[in-house]
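Shown next, in structure tokens, is the structure this report addresses.
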Amino acid sequence: MQDPSLYPDLKAVLEELQQALGAERVRHDAAAPLPPDPNVSAFAPRDTRAVLRPGSVADVRALAGAFHQAKAAGAGLPGLQPVSTGRNWGLGSKEPAAGPVVRVELDGLDALRALDTEAGYAVVEPGVTQKELSELLAGTDRMLNVTASSGHTSVLGNTVDRGVGLRHQRTQDLLGLEVVLPDGAIAHIGWWPGDGVHGKGDGFNPLGLGPSLLHLFTQSDLGIVTAAVVRLLPRPRRQSTVRAGFHRETLHQAVDALRTWKANGLIAGVIKVYDTASTATYGGGDTAGGYVAHLSVEGTERSAAALKSALLAEMAETGLFTSVSSSDEEAPADEDVVAHVVHAAYRGSVAHNERMLASATGAAAERVDADGNGWLFFLPFLPFDGASVVRALDILDRIHLATGIRPGSTVNALDADVIDLVVSFPFDRATQTEAAHRALDLAHLWFGEAGLRPYRLDSGHARAVTGTAGGAEAALQRALREAVDPYGVMAAGRYA
Ligand SMILES: Cc1cc2nc3c(=O)[nH]c(=O)nc-3n(C[C@H](O)[C@H](O)[C@H](O)COP(=O)(O)OP(=O)(O)OC[C@H]3O[C@@H](n4cnc5c(N)ncnc54)[C@H](O)[C@@H]3O)c2cc1C
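Just so we're aligned: 401 in the working numbering is position 397 of the sequence shown, and the numbers increase by one with no gaps anywhere.
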């Protein structure tokens with residue numbers, strides 16, 4: 005922990021903010037770091053000096069402006085670390101990459117500023133959850149690209165961390181951002197409705213004209229995002245979920261077959277393949293020691309029926325699949341939580357997600373960090389081919405042998421070329437924390453050696469720590485940071 009006397013100016017700035025924002029929005033102990041909050045992944049708590057809970061965009065501008073002014077005048081202050089609902093379970097929850105920080109919790113900004121199901125977008129603040137937005141869209145011809153995490157997670161928070169929904173990576177839904185910059189100024193970036201330039205009838209153009217700034221603010225520590233414009237996807241007229249089991253011996257061929265069907269338009273959205281371990285922790289049915297693939301088939305009545313019949317015929321022809329069923333003919337068994345979650349989520353609903361969270365962590369959303377079973381994620385991208393998946397799962401077997409922690413894996417095939425491999429390490433926080441963190445370290449090391457790198461980082465393996473911040477691209481990123489935030493108002497994040 006840092007010596008509190010290193011921040012003699014912090015108290016004055018926080019007291020000024022208590023006046024401006026209201027005392028209840030500024031939590032701090034003038035002389036010491038705040039007591040650590042638990043996190044479900046058991047990452048070491050970082051030095052957090054204060055928690056700010058703004059209630060409006062004006063509050064966010066005021067707090068950034070106060071830090072900027074004080075720093076410009078030479079004050080030594082910790083940087084600001086924004087979170088939305090802070091439910092980044094498995095990757096550190098609310099913990100920053102490094103302390104000291106002043107955390108800015110944005111879930112109090114919870115307005116759904118606009119919902120246009122005709123044009124197909126919503127403008128959400130950080131506190132808008134996927135449950136709220138998806139429920140508002142029920143019965144309309146639009147739907148949200150929902151994730152398999154809790155309904156109480158933030159649409160904006162997951163999107164700016166480049167999370168993955170059942171349709172695709174959430175960045176594909178991102179049209180525009182409202183950002184409070186480190187000096188307290190506000191900027192609308194990308195496509196923004198009603199700004200006098202864009203509006204109804206104006207085709208979405210998230211990249212704007214010229215060099216695009218949109219992704220300067222995803223996986224970024226260059227500002228505080230106070231709203232996002234997200235796309236609402238057309239709801240297919242007809243959707244069925246096909247579930248197909250297969251054995252490990254045929255993993256290579258089965259993945260290659262799935263790839264062919266994805267590449268040729270038989271399957272929509274993200275293909276999910278759960279192994280036995282992940283099925284058991286997430287609460288699935290019997291996998292007979294193998295794998296279960298979940299495939300969404302959709303279109304109009306006629307095209308969906310034709311695609312489904314073609315897919316089932318092709319599957320039968322391969323002789324690889326031990327069981328095949330479709331949601332039209334056979335609803336999942338009540339206890340098969342995974343099948344319920346995935347089927348509903350393909351349709352933009354999070355109705356079953358809390359059951360899966362409870363199965364994975366043993367706790368409801370608001371108690372996961374305090375009481376949940378231990379949970380860590382490792383999230384590499386792989387090429388979508390059988391050989392790469394076999395190679396990745398062999399590494400997981402080695403990690404199991406080396407640490408005694410059994411990783412679960414879920415293949416999320418995002419398109420015909422890229423798999424987001426979700427590796428989970430469930431563990432007992434009382435007895436297995438050290439082993440689980442060793443397993444995560446080995447995953448970073450061994451997958452890295454195999455050239456398979458994560459696309460999202462946890463607070464224990466920030467980019468700066470893992471030494472992946474070299475090269476000309478990283479130097480340009482640092483130069484941009486210097487230009488946007490010359491006084492270091494924002495704390496260096498996981499991706500710095
Ligand atoms: C059982 C289970 C299933 C899961 N399934 C999925 C899944 O399907 N897909 C998936 O992607 N994840 C999944 N997760 C992981 C995680 O729960 C989600 O990613 C969750 O949405 C992240 O929490 P949040 O929405 O509260 O975001 P936050 O924790 O609020 O934000 C995440 C990060 O984004 C940045 N950030 C957030 N808000 C701002 C802001 N306003 N300005 C600037 N930066 C900001 C910060 O770096 C922050 O740490 C799962 C977890 C579990 C336990």
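Using N, Cα and C, we set each Cβ at its ideal position, and we do this for glycine too.
Problem - Residues near A368 by beta carbon distance below 8 angstroms, same chain, minus five either side - result: E358, L361, A362
Exercise for the section: Compute the beta-carbon to beta-carbon distance between A68 and K266, rounded to the nearest angstrom, for a pair I have assumed lies under 8 angstroms. Expected result: Actually they are not in contact, since the Cβ atoms of A68 and K266 sit about 43 angstroms apart, beyond 8 angstroms.
Problem - R53 versus L21: straight-line alpha-carbon distance, rounded - result: 14 angstroms
Handout entry: Where the beta strand (DSSP E) containing E182 begins and where it ends
Key = 178-184
Practice task
Below 8 angstroms on the Cβ atoms is my guess for A248 versus F325; work out the distance and round it to an integer in Å.
Solution key: 4 angstroms
Practice task
Check whether the Cβ atoms of S45 and G90 sit closer than 7 angstroms, and answer yes or no.
Solution key: no
Practice task
With distances taken Cα to Cα, identify the nearest neighbour of E318 among A261, S216, E438.
Solution key: A261
Problem - Sequence ranges, beta strand (DSSP E) only - wholly within the segment 131-191, length at least 3 - result: 178-184
Exercise for the section: State the Cα-Cα distance for the pair F429 and G455, rounded to the nearest angstrom. Expected result: 21 angstroms
Practice task
Inspect the beta-carbon positions of L116 and V132 and report whether they are closer than 7 angstroms.
Solution key: yes
Problem - From S330, L315, S353, residue whose alpha carbon lies closest to that of L237 - result: S353
Exercise for the section: Ignore the nearest five residues each way along the sequence and tell me which others in H356's own chain have a CB closer than 6 angstroms to its CB. Expected result: H344, V345, A348
Exercise for the section: Ignoring anything shorter than 3 residues or poking outside the segment 184-259, list the beta strand (DSSP E) runs there in chain order. Expected result: 190-194, 228-235, 242-250
Exercise for the section: Using only alpha-carbon positions, find the residue among A16, D41, P40, A101 that is nearest to A34. Expected result: A16
Exercise for the section: Determine contact between the segment 389-402 and the segment 181-200, defined as no fewer than three beta-carbon pairs at a distance below 8 angstroms. Expected result: no
Problem - Rounded C-alpha distance that separates G553 from A281 - result: What is shown of the chain runs 5 to 500, which leaves residue 553 out entirely.
Handout entry: Backbone CA spacing between V393 and A27 [nearest angstrom]
Key = 52 angstroms
Handout entry: Residue range of the unbroken alpha helix (DSSP H) whose run includes N416
Key = Looking at the DSSP string, N416 is not in any alpha helix (DSSP H); the run it does join, the beta strand (DSSP E), is 412-417.
Practice task
Compute every distance between the C-beta of R91 and the non-hydrogen atoms of ligand 1, then say whether any falls below 6 angstroms.
Solution key: yes
Practice task
With DSSP as the reference, label E19 as helix, strand or coil.
Solution key: helix
Handout entry: 8 angstroms CB neighbourhood of P336 in its chain, flanking five on each side removed
Key = R247, G289, A343, H344, H347
Problem - Same chain, Cβ closer than 8 angstroms to T230, five either side skipped, listed in chain order - result: V61, V64, L110, L113, E129, P130, E182, V183, V184, I190
Exercise for the section: Can you give me the Cβ contacts of Q6 inside the same chain, cut-off strictly under 8 angstroms, excluding the 5 residues immediately before and after it? Expected result: Residue placement at Q6 is flagged as unreliable, the pLDDT there being 47, under the threshold of 50; a coordinate-derived value is accordingly withheld.
Practice task
Quick one: grab the DSSP three-state call for E302.
Solution key: strand
Handout entry: Residues near T470 by beta carbon distance below 7 angstroms, same chain, minus five either side
Key = H448
Exercise for the section: Have a look at G492 and L56 and give me their C-alpha separation to the nearest angstrom. Expected result: 18 angstroms
Exercise for the section: Indicate, with yes or no, if ligand 1 has a heavy atom lying under 6 angstroms from the CB of V418. Expected result: Per the sequence presented here, residue 418 reads as Leu, with Val not at that position. Because no heavy atom of ligand 1 lies under 6 angstroms away, the Cβ of L418 does not count as near it: no.
Exercise for the section: Sort S138, L84, V233 by Cα distance to H156 and report the nearest one. Expected result: S138
Practice task
Report whether the distance from the Cβ of P186 to the nearest heavy atom of ligand 1 is below 6 angstroms.
Solution key: no
Handout entry: The beta strand (DSSP E) enclosing W379, as first and last residue numbers
Key = 378-382
Exercise for the section: Please confirm if the segment 477-488 is in contact with the segment 432-450, defined as three or more CB-CB distances below 8 angstroms between the two stretches. Expected result: no
Practice task
Assign T365 to one of two classes, buried (16 or more other C-beta atoms within 10 Å of its C-beta) or exposed (fewer than that).
Solution key: buried
Problem - Helix, strand or coil at Q6 according to DSSP, with G and I counted as helix - result: Unreliable positioning characterises Q6 in this predicted model, as indicated by a pLDDT of 47, which lies under 50. The coordinate reading is nonetheless provided below. Coil.
Exercise for the section: Output the distance between the C-alpha atoms of P8 and T151, rounded to the nearest integer angstrom. Expected result: With a pLDDT of 49 at P8, under the threshold of 50, the predicted position of this residue should be treated as unreliable, though the coordinate-derived value follows. Rounded to whole angstroms, P8 to T151 spans 40 angstroms at the Cα level.
Problem - Endpoints, beta strand (DSSP E) assigned at L84 - result: 83-87
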